[in-house]
Each structure stands twice: as structure tokens, then as C-alpha cells.
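Undergrad: After the C-alpha cells below, expect a handful of questions from me.
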Amino acid sequence: MTDQSSLLAIVLFFVFVGVTLGISFFLGRQAKSPKGYFAAHGQIPWFVNGIAFAGDYLSAASFLGICGMIAFYGYDGFLYSIGYLAGWIVALFVVAEPMKRLGKFTFADALDARFNSRGIRLAAGISTLAVSIFYLIPQMVGAGVLIRPLLDFPHEVGVLLVGVTVILIVVTAGMVSTTWVQFLKGSLLVIFSAVLAVLIIQRGFNTEPETSHRFASLGPFSEAQLHAELGKRIELQNQTILPAEGAWQDQPFIRTRDNVSGRITVWSRDRVTADKIMLREGQMISQQKDGQILISGLPKGKDPGEALLYPVGRVSRLPGGEQKTGPLNPLSFFKALEQSEVILWRKKKLVDATGMTTVYFQKPTPGSQVLRPGEHPRFQGIRSDDPLAKIDFLSLMLALFCGTASLPHILIRYYTVKDVSAARKSTIVGIATIGFFYILTLYLGLGAMTSGALDLTDSNMAAPLLAKSINQWLFAVISAIAFTTVLGTVSGLILASAGAVSHDLVSCFRQEPLTDVAQVRVAKIASCVVGAIAIVLGIVFQQMNVSYLVGWAFSVAASANLPALVMLLFWKGVTHQGIVAGILVGMISSLTWILLSGDTFEKVYGLDASAALVPFSQPGIVTIPLGFASLVIVSLLTQPKTKTA
Amino acid sequence: MRRVYEKYQKIWTTRFFSAKPDTQSGVILTMERQHSRLGLLLFLIYLLLYGGFVLINTFRPDWMQVQPLNGVNLAIVYGFGLILAAFLLALIYGLFSHDEPPEESP
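See the structure below:
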């Protein structure tokens, strides 16, 4: 952790949460009937609903995950922005109006409008639940991530706090208050991100950000000079070179220890020309076998004799050798960066008998590489000749394109407005707001990359820390908004799941429909259960970048829901068995693929990625067509002899 | 202004909507008919733009470093372009779609 909690941030934070809860309790009194609870009586004005779309959609993944990914790897994070927005085109042109016309409360309603089949309800209900829970994981992880530096609580407490707050919101209120909370949060998020982006562009680039520790570089030396030079310097500063033993053997690192403070500095060897090398100061964090955490060889903490990781991230060279660019404009911002050199940070894990050490080392990178795709390990494949890596990339971009229009918490928002035209208009408002925000993400991410405020251990914190590098107020506001973002999206998802349980699943197993009161009660119980599951998963998956996890949710949503939605609209030959088959095959195949993929092997099970049972990690390119194919085949096999329409 | 808009809306709707406006009878039939050609056309335009972007990134990633606009590279120009295009297409769709039950304009 490289930051302290400030009183201001905490006060603002609780004001936000308080206002949110207040709105919920106040509006919740109006939502006693299922129509009120699930669909806000269909009375939300289209403009409000449009901004609420943005509120629902710009989740922790967009704000925290994408900004973090851009801050650490450059342009690659923006690929997610582009994909997420493109999905809205599918939502607007293909899904929005029929959804509104056919449905009542849930996605299953729309699918089932033609058939009135329990099978469809069951399948659609289950897939809604599966997608919602998958999508909840990154939101909960984001919550924990946010609360840790803000309030100095551990991750688990953060997740728990969000979970409980959201359950309170959903149980007391339903769709009316969720919508207004989303509207509020969506507007604030976009407005303050715009403010932040303007400040970043105004600030321009500076090779020595104030907040940053000055990392030393030695050299360039020839290999022969290295030890003599290092020896001289070390003598001057009363340091000792540590032997390269254990895990340090044959690594491109040299460690020196300060004889007075005991602090260890790790240097990475960086070959700059064929015969010259540079030594660059890095940082390290060691997890000892006994559970102790050492930062640069000292116990972690703020007191004397303890150490914390320094915040990082700066431009190392500007065009013309300047130290500052001064204020820029939205285009010259990119132009200046294109001709600069940026210090990115990479890490390497070393394991030996004493524990595991993560070494973070500097990687000077030309700005032109930062502003092109292919720097992140996930996307490096597009610059290689490996066809599987290219397919993986195509697969992700396809899932993002198809996923939006299949997300349950987005789909239910079509029922909160009064008619088809309002559904259309609110989608257009949503696209405008979301598109504008995604343009901002690139500025925010690149601003964070060069702000000197990045926390190396946590890519998700880039945007709030960027705000902190500007001032404390902004940090407080941005953190509070980000937290409300999580609250809003989580409540939307839990509501979608609750709707699926009470409206779709329960009615499959009962002869008579539930009474209105019972339906709302079941929904509230379901909200508590789903909320509890989300809390547990948020704790289990805490190490993963949130926008990456969202990629999975999109894959599952696109594979399970999109084939059914699209075929129902464009093909008269669809049968209810076909729809059920499409949903189940799409859902099960994409879930299975994810569980067997290299990424899951490595990051969740802790196994070797090469042992994975599927050739690449992103399922979409296989499982979306598979969903379509099974729907069509089963439909053809089960055609009724005489058409009844 | 309003008259011009209405005139064009009429031309566009006759060109792109295969059927008469929604009569609210037979939900399914209307849905299929009314699922407008305009929507599909705009969808296909965007699909081409997005597909082009993804394919260039996959198979010719170096093209993304070309600088078509005063020191700004193709990755950014195309990326921002896709976001703007989404907005423009959505606006076009909104302007030329007809509201089934007539109601006051926003």
C-alpha cells in the first residue's frame, strides 16, 4: 500500500454511501408490487434511463480495470473500451426494441413470449443467474480493491461491506431506487472523469513528477567495467553487494544492501547496446515462508526501520529533451507521448527456500509502443506468428461485441421505460454517455501511467491514485464515485438475478403463479443469497484484474443468450426445444472452456498454463457459433408438423 | 426545419421499412416486419468498421503505428473513430425511426 487514508476521503465516502442508502429507503416505499420492484412501474423518463444505462455499464471494470490496464500497458486497455462500446450497437439495432415489445420483467419473458414454455424459463433463468454471478465477481473484487487504500480495511472487509450495503439497497428498494442511484452515479462518474481528464491534459507531461521517488540508473558500462564501477559506488555509499544465491542465481538482477539501514536495493541489468549495459534501480517485495512480508529487505510499514514500495510511473524523456511540456490539448497530448520515452514496470517472481520474492524492474519504452496495441501479455500474441494467439484475440473482441446485448442487468433496464421509442432513445443517450466516458479512459490511463502515483501491486487503483496525484479532494470524490459505481452495478446484477429466481425459476416449479407479494418476497430472499455468494467469490478472486474477469462474463453472456435472442428475431423456424438447447449448450460450453483454460489454470488453480486442456483462453469464437449451431440443429429436428403461431 | 425533417423521415421510412407502421396487432408478426432495414443497414456498416479494426490489429498490427493525423497514430484515430461512429449511427437511427404511438418529441 503506498497511500494513507485521509479523513476527508472517509467523510466524503460515507456521505456518498449515506445519500445512496437514503435514496433507496425513500424510493423503496413506492415499490411494493412486482411491476414496481422489477420494472420501476415502467415510468422512468428515457433520459434518466439512458444515463442509468451508463451507470449500470460503467462498472468497476470500466473505470478501475481499463484505466489500470492502460496505466500499466498502454493502448491495450483501450481495446476493451472499444469492444465494450461496440456491443451497444448490437443492443440498439438488434435487441432493444423487440426486448421491450415482448418482455415484461425479465429476459426470459422476451424469449418465452412466443412459446410459453417452462423449459425456456428455466434455461433463461439459469443463464441469467450464471452470467450475473460471473459478472458480480469483478465488481466485488473492485470493491475490496477500492476500500483497502481508502479506509485501510483489508480486502475481505471491503467486499463484505459492499455486499451488505447492496443487499440492503436491493431488499429495501428494487428497480426504482436502483435506477436513480445509477443515474446519479453515472452522471457523477462521467463529469468527474471529464474534469480529471482536463486537468491531466492541462498538466501535460513532466519527467519528474513531484510524488515520485527518484529511481537511480547507473551506466552505461561495458561488462568489464561493471564490477569496478559498482564497487566504487558501493564503497562511497557504504553498501555491500549481496551474492547471487538461491533463486537469484543466473537472474538479471544485482542486489546491494545499505550497511546502515539494512535496506536492500535491487538493480536490473538492462542491455542498451551490444556491449553496454545499464543498471536500473528496482523494487522488491518478499513473502517469507513464515508469513512475514519484506519490502526491499525491511519489514513492511511506515515507521523507521520499515519500508513501503515507492509509487512509480513517469515519462523519462520528452521530445527535444525538455523537462516539462506545459499545457497540452487533446491531440498534442498523444503527439507528445508518441515522441517520448516512458518508464513502464514489469515484474518477475523468484521462488526459493525462504519464500517468494517479486522483483519489479523498470522497462523504458518508447511512447510509440505505448500507444499501439500489443504490449500487454494478453495481446502480445497479435505481434507474433502464433495463429492461436491471434484467434484468442479475435475471440475476445467477438465476445465483447456480442456480450453487451446479452447482459441481464442491461436487458432488464429496457422494462423501466414506458414504450419502445423510449427504450430506443434511452439506448442512444446511453451510447453517447458511455462513448464519451471511454474516450476519457485513454487520457486517464495514460495520465496515471505518467503521474508518478502508481501502486505496483495493484493495477486496479490507477485511476483513484491519479486523482490523488492532483489533489486530495479529487481523490476523495473519485474514490467515493468509484465505490458507488460498484454499489450500483452490484445492485443491478443482484436485482437481475432476483428477478430470474422469483419470476422465472420459481414459476417453473409451481402450478399457479406466485402472488404479487410472494413474488417480491422470494426476490428479496434470492437477493440475500446471491449477495452472499458474491461476497465469497469476491474474496476468492481478489488477485485478478477486474476487466479481465469481465471479459469472461461477456463470453458466457454472449454464448448463452445471444443465439436465442437473435434467432428468435430473425428466424421463424425456431422451436422452444431449440432455444433451450442453444442457451444450455452456449452456457455450459463457455463455462467449461473458461474453467479448462490456461489463464484459469495459472491464476486460479496455480497450475502451469501449458497444461491447460483448451488451446486458447477466450471461448467466444468457438462457443458463440456453437450456441447458434445447437439452436438451429435442435430446432430443425423438432419442427412441428403443422405450424402453430 | 421541422418540415424538412419530416419530409426526410418520410422518404427514409418508405425506403427502409418494408412494412407500414406498427398496428399493434399480432406482436410477433409486427416485430419481425418492423425490425427495420435501417437498423440492419446501420448495424452492418458498424460491423464492417469494427471488423476492419479487429482484423488490422490481428493480422497487420504494424499498420496501427502509421500516423495519419499530425503525429497521432492510426490506433488512436481509428479507436476514437469507432466510438464517434457508434454515436453518429445511433443518432441517425434515432432521427429516422418512427415512434409507434405518436407522442411529443423530446
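Residue numbers (our numbering), protein chains in the order written: chain Z, 24 to 668; chain G, 442 to 547. Positions of the beta carbon are idealized from the N, C-alpha and C atoms, including for glycine. In this text, all values refer to a predicted model and were calculated from it rather than measured experimentally.
(1) Looking only at C-alpha atoms, which of D326(Z), T512(Z), A485(Z), L618(Z) sits nearest to A94(Z)?
(2) Nearest chain G C-beta to G397(Z) closer than 8 Å, yes or no?
(3) Since I believe A83(Z) is in contact with A604(Z) (beta carbons under 8 Å), could you give me their beta-carbon distance rounded to a whole number of angstroms?
(4) Using a cut-off of 8 Å between C-beta atoms, extract the partners of F484(G) located in chain Z.
(5) List in chain order: all unbroken alpha helix (DSSP H) runs of 4+ residues lying wholly within the region 112–165 of chain Z.
(6) Rounded to a whole number of angstroms, what is the C-alpha to C-alpha distance between G601(Z) and T646(Z)?
(7) Thinking just about the alpha-carbon of each residue, which of A635(Z), L115(Z), V189(Z), L488(Z) is nearest to the one in A32(Z)?
(8) I need the straight-line Cα distance from G91(Z) to L174(Z), nearest angstrom please.
(9) Under 8 Å between beta-carbons, which chain Z residues line up against Y502(G)? List them in chain order, please.
(10) Does the region 302–319 of chain Z come within contact of the region 239–247 of chain Z, defined as at least 3 CB pairs closer than 8 Å?
(11) Indicate whether S418(Z) and F564(Z) have their beta-carbon atoms separated by less than 8 Å.
(12) In chain order, what residues of the same chain lie with their CB nearer than 7 Å to the CB of A217(Z), ignoring the 5 residues before and after it?
(13) Would the region 351–364 of chain Z and the region 325–341 of chain Z be scored as touching if the rule is three or more Cβ pairs under 8 Å?
(14) In chain Z, what lies closer than 7 Å to F528(G) by C-beta?
(15) In terms of residue numbering, what span does the beta strand (DSSP E) encompassing W69(Z) cover?
(16) Rounding to the nearest angstrom, what Cα-Cα distance links G227(Z) and L469(Z) in this structure?
(17) According to DSSP, is R504(G) part of a helix, a strand, or is it coil?
(18) So, do the region 476–487 of chain G and the region 523–534 of chain G have three or more beta carbon pairs nearer to each other than 8 Å?
(19) How many angstroms separate the CA atom of E246(Z) from the CA atom of R292(Z)?
(20) Counting Cβ pairs closer than 8 Å, one from the region 155–164 of chain Z and one from the region 507–516 of chain Z, do we hit at least three?
(21) What in chain G is Cβ-close to I451(Z), meaning under 9 Å?
(22) Within the same chain, show all residues whose beta-carbon is closer than 8 Å to that of V204(Z), passing over the 5 residues directly before and after it, in chain order.
(23) Quick check: what's the CA-CA separation for K491(Z) versus I562(Z)?
(24) I want to know whether the region 315–327 of chain Z touches the region 344–361 of chain Z - three or more CB-CB distances under 8 Å.
(25) According to DSSP, simplified to helix, strand and coil, what is E625(Z)?
(26) According to DSSP, what are the bridge partners of K371(Z)?
(27) Only counting the same chain, and skipping five residues up and downstream in sequence, which positions put a Cβ closer than 7 Å to that of H236(Z)?
(28) Whose C-beta lies closer than 7 Å to the C-beta of S355(Z) among residues of the same chain, with five residues either side of it excluded?
(29) Beta carbons nearer than 8 Å to chain G: which residues of the region 426–452 of chain Z have them?
(30) Using beta-carbon positions only, say whether A119(Z) and T439(Z) come within less than 8 Å of one another.
(31) Output, in chain order, the set of chain G residues within a Cβ distance shorter than 7 Å of M420(Z).
(32) Short of 7 Å in beta carbon distance, which residues of its chain neighbour L211(Z), apart from the five on each side in sequence? Order them along the chain.
(33) Less than 8 Å separating the beta-carbons of A523(Z) and G148(Z)?
(34) Flag A521(Z) as yes if its beta-carbon sits less than 8 Å from any beta-carbon of chain G, otherwise no.
(35) Within 10 angstroms of the Cβ of F116(Z), are there 16 or more other Cβ atoms? Answer buried if so, exposed if not.
(36) Does the count of Cβ pairs from the region 397–412 of chain Z and the region 422–432 of chain Z closer than 8 Å reach three?
TA: Let me spell this out:
(1) A485(Z)
(2) yes
(3) With a Cβ gap of about 34 Å, A604(Z) and A83(Z) do not count as contacting.
(4) I112, V113, F116, V117
(5) 119–125, 130–135
(6) 16 Å
(7) L488(Z)
(8) 20 Å
(9) For the sequence presented, residue 502(G) should be read as Pro rather than Tyr. Here the neighbours are R395, P396, G397, I405, R406.
(10) yes
(11) no
(12) L463
(13) yes
(14) I454, A455, G458
(15) Careful: W69(Z) lies outside any beta strand (DSSP E), inside the alpha helix (DSSP H) at 69–80.
(16) 11 Å
(17) What sits at residue 504(G) in the sequence shown is Trp, not Arg. Three-state DSSP puts W504(G) in a helix.
(18) yes
(19) 10 Å
(20) yes
(21) F528, A531, L532, Y534, G535
(22) T43, I46, S47, G78, I192, T507, L510, G511, S514
(23) 26 Å
(24) no
(25) helix
(26) V382(Z)
(27) Y333
(28) none
(29) D442, V443, S444, R447, K448, T450, I451
(30) no
(31) V495
(32) I504
(33) yes
(34) no
(35) buried
(36) no
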